[in-house]
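Take a look at the structure below.
Numbering (my numbering), first residue to last: 10 to 306.
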């Protein structure tokens, strides 16, 4: 069955918007623990747990990459993909849902992920319209606060963090292996994007990092939504930078500065060289934080 025209147009818009040629994307596999791997390609980082109970997969990147991702998983497991867990609704994490669902995977996510995927959305920070997803792409199992899976020799515990990157974020913790996937609540080594139009907030991003830091230890392997495999020390540095940048913008707003004046003042320059080289540039981060902190004024 052919994909609806709206979905095809959305895929093409992603490709051109980010200059991404999916034919040239390579899926790279990195072993994280005895039976957990991180897959990178284009879009959000994927985690897979493999074993006799089947494959448990976190996020699926873009639809055009599904066959490459499947091939990479087959190289580490001969078992089927039983579950595909979405950390949030954005297309670089859920774009493969329909393809994997049709191959037999059960999609699981926070209830707000299904709600947002069920209707047209607007990512206001980039002026991008996102059409509703087809029924086959929607999560079949949803939860409100937390959910547990018992497979491949361990408990997998997923819990909702409120109004962080979006209003439907979930953290997934492989408790026995001491591996945790943070989705887009964590951009390792770079300024984060959080989607104010989807219920995200800088305070929620910081609080989600605090929750995880309380839970993990120095040996925990931390899989970010974007960036290299990480750890508690790097996550702490990320949290601290988010707090400092938030406080800088908050003080500027309290001092009566306009968004134009804040941008012109280059108030984040102390952090920009290290943290501002990713997808979100300093000016865009300041704009998002300003929009967030002033939306109720």
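Where a beta carbon is used, it is the ideal one built from N, C-alpha and C, also for glycine.
Our two residues, residue 131 and residue 183, have alpha carbons roughly 33 Å apart in a direct line. Comparing alpha-carbon positions, the option among 251, 195 and 217 lying closest to residue 291 turns out to be 251. For residue 155, there is no enclosing alpha helix (DSSP H); the enclosing beta strand (DSSP E) covers residues 155-160.
Uninterrupted beta strand (DSSP E) stretches at least 3 residues long and entirely within the region 63-99 occur at 64-67 and 90-94, given in chain order.
Between residue 100 and residue 139, the C-beta gap is smaller than 9 Å, which places the two residues in contact.
If the five residues before and after residue 188 are omitted, its C-beta is found closer than 6 Å to the C-beta atoms of 41, 42, 45 and 230, all from its own chain and listed in chain order. Residue 289 sits close to residue 202, with the two beta carbons spaced by under 9 Å. Of 137, 61 and 93, the smallest CA-CA separation from residue 75 is found for 93. The region 131-207 is shown to contain whole beta strand (DSSP E) runs of 3 or more residues at 137-139, 150-152, 155-160, 163-169, 179-183 and 188-190, in chain order. Residue environment: residue 301 is assigned as buried (16 or more neighbouring CB atoms within 10 Å of its CB, all protein chains considered).
Per the C-alpha coordinates, the member of 232, 207, 223 and 247 positioned closest to residue 297 is 207. With distances taken between CA atoms, residue 305 lies nearest to 205 out of 136, 295, 205 and 264. According to the DSSP assignment, residue 47 belongs to no alpha helix (DSSP H) but to the beta strand (DSSP E) extending over 45-49. Two segments are said to touch when three or more pairs of C-beta atoms, one from each, lie closer than 8 Å; by this definition the region 141-154 touches the region 105-117.
Shortest Cα-Cα distance from residue 287 to any of 269, 257, 272 and 237 involves 237. At a Cβ-Cβ threshold of 9 Å, residue 173 and residue 194 count as neighbours.
DSSP places residue 103 within a helical segment (H, G or I) once states are collapsed to three. Taking 8 Å as the upper bound for CB-CB distance, residue 102 and residue 178 are not in contact here, some 10 Å apart.
Take the alpha-carbon of residue 272 and the one of residue 216: they are about 25 Å apart.
In the structure shown, the three-state DSSP call for residue 237 is coil. For residue 127 and residue 105, the gap between their C-alpha atoms comes out near 15 Å.
In this structure, residue 299 keeps its C-beta atom at 9 Å or more from the C-beta atom of residue 199. Within 10 angstroms of the beta-carbon of residue 70 lie 16 or more other beta-carbons, which makes it buried.
Residues of the same chain with a CB within less than 6 Å of the CB of residue 175, apart from the 5 flanking positions on each side, are 97, 204, 207, 208 and 209 in chain order. Burial is judged here by how many other beta carbons sit within 10 angstroms of a residue's own beta carbon; residue 158 has at least 16 and is buried. If you ignore the 5 residues before and after residue 239, its C-beta comes within less than 6 Å of the C-beta of 197, 231 and 233, all in its own chain and listed in chain order.
DSSP places residue 221 in no beta strand (DSSP E) but in the uninterrupted alpha helix (DSSP H) bounded by 211-224. With a contact defined as Cβ atoms closer than 8 Å, residue 223 and residue 254 miss out at about 22 Å.
DSSP places residue 267 outside both helix and strand once states are collapsed to three, so it counts as coil.
The beta carbon of residue 108 lies closer than 7 Å to those of 72 and 75 in the same chain, with the five residues before and after it left out. Looking from the CA of residue 241, the closest CA among 79, 56, 218 and 48 belongs to 218.
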